[in-house]
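Line order of the protein sequences matches chains G and P. At position 503 of the first sequence (counting the first as 1) the number is 1894 in our numbering, and the numbers step up by one without a gap. At position 218 of the second sequence (counting the first as 1) the number is 221 in our numbering, and the numbers step up by one without a gap. Everything below concerns the one structure shown next.
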Amino acid sequence: MAQSFWRRLVRETSPAGLNSQSRGSGDRAASAGTQPPSQPDPASTILQEALAQAQFTDEVDSALEGYRSALRALEGRSGTDYRAGVLEKAQEALEQVPVPTSLGAAVAMLKELFAACADVIFRGFLVGGKRPAMLLFVDGMVNEERIELSVLEPLIHWGTPAEAANGGTDLPTWLEAAGVTITQAVPASTIGMVVDAVLGGDTVLLVDGVNHAVTLSSRGWKQRAVEEPASESAIRGPREGFVESLRTNTMLIRRRLRSPHLKIERVVLGRRTRTIVDIFYLKDVTSPKLVEEVRRRLTRIDIDGIIDSGMIEELIEDQPTSPFPQVANTERPDRVASALLEGQVVIVADGSPFALSVPTTLWSLLQAGEDYYERYWIGTALRWLRYLFALIALVGPSLYIAITTFHQEMLPTSLLLSIAAAREGIPFPALVEAFTMEVFFEALREAGVRLPRPVGQAVSIVGALVIGQAAVQAGLISAPVVIIVAATGIASFTFPRFNLGVAVRLLRFPMMVLAGSLGLFGIMVGLIALLVHLCALRSFGVPYLKPLAPLTWPDLKDVLVRVPLWLMGSRPDVGEPLNRRRQALGLKPGPGGNGS
Amino acid sequence: MNDRQQIDTAGLAALLFGFLVGSSLVLPMGIQAKQDSWLALLLGGGASLAVVWLYTALARLFPEQSLVAYSRILLGEWLGRLVGLLYLWYGLHLGALVLRNFGEFLTTSLLPSTPISVCIVTLMLLCAYGVRMGLEPLARASQVMVMLLVVQVAFSTILVAKDVHLENLRPMLEQGPVPVLQAAFGLLSFPFGETVLFALLLPWVRPVGGVKRTVMLTVGAAAIFLAAVHARNVAVLNAHLAGTSRFPSLVVVQFIDVADFLNRLDALIVGNWIVAGFMKVSICLLGTATGLAEWLGGLDYRPLVLPLGAIMAALSILVYDNASAMSAFAAVIWPVYSVPFQILMPLLLLGLAKVCGKPAK
């Protein structure tokens, strides 16, 4: 019975433009005029009358008129920048208007805003068969079944027509009475709030004679499943990675930190993308000054759109001209959780599977989550391996160039002889040789990343065979250079963070030029300049080389070595955490009861 | 004063240690004393504590003020300005000498066919970059570099232990105490007395109360460290060779040979030398630039760095005709030339301050 009534309602009201895709008020009037419903039904008549008898207050009228004239003006040919500005102002004015009591007026305004938005659905119906109402949502972003069963059905069948017609003006009370079983129902008082809710995937309910709307949570869009993060894989540790949906990401973090002190603040960035950005911190650990600084830097951003968290990163750095990343990014919720426990602030943007954490230091960018999950001997060894190879990635080819060009006497004689033999007949100086090979290697790597997978294999074969073997056999490139380039390539892949690896890879090239022109002196000049730069660098006020410079002895426990967990008594002093002690003393386990 | 310009006492210690130890580690020191050079170093270092006491006492009397500022208070506007200017010249001159010395090392041992001006200008540009970054990054970089320096010395000492012949250090005081005292006096002016330049930088150290203690301890530690290194050099090489070779530490490191593979570790000393040159020239340049900015009436010092650096580089190229002139100047003229700057002037200023009582702000 109920179902059939509802279907009839849909069928018969839709030609009148009530359930159609919105196309602006003028079109709607026209289509309503040319295609009148064949059988005047009481329900649709009431609805149409309600819409036709829109009572426009002065405020609504002027806002609407301003918006329309701004839209018309936009069609002019010159001065579009200025006109776009006018339109923006008119839109803001329109969104400031409170939801009018008259349903007709509200719908007219919303249709004006959503003109030619094929995916915005206006669904008209009668509450209790008497009172005109309208549901607004974006097709595809909502769970339609839920709207159907928990909103439309109870409202349409609610009470008697008289009750509906004379009912109160407070929507939440109504919903309560009607038995609408949607978990989140929040009143919205302005047109702007309605627009935000609709575009955010909520459904908005407007009822005639009520001066506010209600947003009903009904999000249900398609999203990628939680998978193992592609950019940071681990042998041991959680395999979950962030996805593009903010809600899923907050869930992944909240599930790891089930503390009410985990606070999540929300800002909306991007004038047009209106990207939701959440700021995470632990109220009882993170320094309030740091949180305030993050808030200040984020709210300063006024930009068209935030497509990925990388764009936020670029707008909140301390030293934008540095090649080094000053904001850490990660796809792993476990890393985020441990960053939060160290007193850092984490920023997660909707639509991006990369969370940002600040402040960061060079050392934390050289750490992997796995360092803490495996035995500490392994963690320490891996860390030193990374430091060593970071250095090789930076100066490997330059050392080769410097020594073969300027300081041959520094090599043991037998090694010198074999290198000299290999270089005999090579037409290029060592600098040109190594530089060319490094550039080719970078190209190979880039091609491997960008190409579709099946083609990628071909690239590596070409790279290995043609560049590696043929060039040596042809006598164009010496074999030691190929070895050096390969070693540097491997070294540059040992960076746990891609962006730090790229920074070091880029710095390798000026180092090679310095080595080729000034030998070891040039390398030292480059290294000292780099050291001074790193010493001057800060991430949200925290020195980038901390705890090495400035020297903080207790924190070296997690930089030079990875001490056993039972010795990690204090939080690292990065970002001035509120309480330094993070675990009990005497956690060292042993036989016969744990600890001393 | 922006916070980038403040350093803590650990930073001061690193800068001072680097300033003292850097080049002295590589050059022969106290050669008149032959095998007793380590004793001369200890004596010179001990005596220099008195000199150090002079300018740190002044720094305590005039907290947060540099020599340029308090000489004007003590000597009056014009005379004080003149003294300030003389110290700026001293910093500039010292920087130029170090640059030249450094350039000579590079062209003789590392880059024989590179013109010396290229080496000098490159190092000057590096120092100017460091100085423009500010005192704080410079102090932090020094911390790292000093740590590496100490590790390098420990490492090379262990590897060369098989060649240490302690009998080279005997007999002690072979020709009486006179040569040792002479050598100690020379060492008082170089390297220890040169730390008077820090009178231009001390106002940026916090907390003010820790300055004196830090400077004294650091100078003492540097003296002991240098004495140990030079004793090692003599023990490995013998007194004659250690005195006549231009870079004894370089020769010592060339003795290292582990399993026919770990040899020719000259790069360690080269790196050490370049780091040392950088630290010393940067401190001279920073002291001169900040002093000049203050002398001119509290300007930002950064725009002055490159012009001063250019003058310093030009001066270092013009100041000597050749390497022998450099050695002669360093051996004969420099100790005498330094006395007024390192001892007389601070003594005069401190005496005035004590006599006149602490002046009103």
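The C-beta atom is built at its ideal place from N, Cα and C for all residues, glycine as well. Because the structure is a prediction, the values reported are computed rather than measured.
By the Cβ test, the segment 1962-1978 of chain G is in contact with the segment 1720-1738 of chain G, since at least three Cβ pairs between them sit closer than 8 angstroms. Taking a Cβ-Cβ cut-off of 8 angstroms, Ala230 (chain P) has no neighbours in chain G, whose nearest Cβ is about 25 angstroms from it. In this structure, the beta-carbon distance from Glu1722 (chain G) to Arg1627 (chain G) does not fall below 9 angstroms. Per DSSP, the unbroken beta strand (DSSP E) holding Asp1669 (chain G) starts and ends at Thr1666 to Leu1673.
Phe1797 (chain G) reaches chain P at Leu113 and Leu114, counting residues in chain order whose Cβ is nearer than 8 angstroms.
Within 9 angstroms of the CB of Val1916 (chain G), the CB atoms of chain P belong to Thr125, Leu126, Leu128, Leu129, Ile277 and Phe281, in sequence order along the chain. Here DSSP, grouped into helix, strand and coil, assigns Glu1656 (chain G) to strand. Assignment of Asp11 (chain P) by DSSP, reduced to helix, strand and coil, places it in the strand class.
Burial is judged here by how many other beta carbons sit within 10 angstroms of a residue's own beta carbon; Met175 (chain P) has fewer than 16 and is exposed. Cβ-Cβ distances below 7 angstroms link Pro1982 (chain G) to nothing in the same chain once the five nearest sequence neighbours on each side are left out.
The C-alpha of Met282 (chain P) is placed about 19 angstroms away from the C-alpha of Leu113 (chain P).
Annotated three-state conformation of Leu1597 (chain G) is strand, per DSSP. The Cβ atoms of Leu353 (chain P) and Gly294 (chain P) lie no closer than 9 angstroms to each other. Between the segment 1477-1493 of chain G and the segment 1578-1588 of chain G there are three or more C-beta pairs closer than 8 angstroms, enough to call the two in contact. DSSP places Arg1726 (chain G) inside the alpha helix (DSSP H), whose first and last residues are Pro1724 to Leu1732. Taking 9 angstroms as the cut-off, the Cβ atoms of Ala1740 (chain G) and Ile1703 (chain G) count as close. If you look at Ser40 (chain P), you'll find it in the alpha helix (DSSP H) that goes Ser40 to Leu64.
Under the 10 Å beta carbon count, Ala1454 (chain G) is surrounded by 16 or more other beta carbons and is classified as buried. For the segment 1886-1912 of chain G, residues whose beta-carbon sits nearer than 7 angstroms to a beta-carbon of chain P comprise Leu1909, Gly1910, Leu1911 and Phe1912.
When the beta-carbon positions are compared, Ile1655 (chain G) and Asp1669 (chain G) come within less than 9 angstroms of each other. Residue pairing by DSSP leaves Thr1572 (chain G) without any beta bridge partner. A contact between stretches requires three or more CB pairs, one per stretch, nearer than 8 angstroms, and the segment 1768-1783 of chain G fails this requirement with the segment 1707-1721 of chain G. Proximity of chain G to Pro140 (chain P) at the Cβ level (cut-off 7 angstroms) is accounted for by Val1923, Cys1926 and Ala1927, in chain order. Shown here, Thr1492 (chain G) sits in coil according to DSSP, grouped into three states, outside any helix or strand. Chain order gives the chain G residues near Tyr132 (chain P) as Ala1920 and Val1923, where near means a beta carbon separation below 8 angstroms.
Nearest to Val1498 (chain G) by C-alpha distance, out of G:Leu1442, G:Leu1546 and G:Arg1836, is G:Leu1442. Within its own chain, the residues whose Cβ lies closer than 6 angstroms to the Cβ of Thr1664 (chain G), once the five positions on either side in sequence are excluded, are Gly1696 and Ile1697, listed in chain order. Residues of the segment 1649-1662 of chain G with a C-beta atom less than 8 angstroms from some C-beta of chain P do not occur. Close to Asp269 (chain P), with beta-carbon spacing below 7 angstroms, are these residues of chain G in chain order: Met1801. According to DSSP, Asn266 (chain P) shares a beta bridge with P:Asp260.
Taking a Cβ-Cβ threshold of 7 angstroms, the residues of chain G close to Asn266 (chain P) are Pro1803, in chain order. By the criterion of a C-beta distance shorter than 6 angstroms, Leu355 (chain P) is surrounded in its chain by Leu77, once the five residues flanking it on both sides are discounted. In this structure, the CA atom of Val1601 (chain G) is about 7 angstroms from the CA atom of Asp1561 (chain G). Taking every protein chain shown into account, the CB of Phe1528 (chain G) has 16 or more other CB atoms within 10 angstroms, so this residue is buried. Considered as a whole, the segment 136-172 of chain P harbours no complete run of any beta strand (DSSP E) with no fewer than 3 residues. DSSP, reduced to helix, strand and coil, places Asn236 (chain P) within a helical segment of the structure shown.
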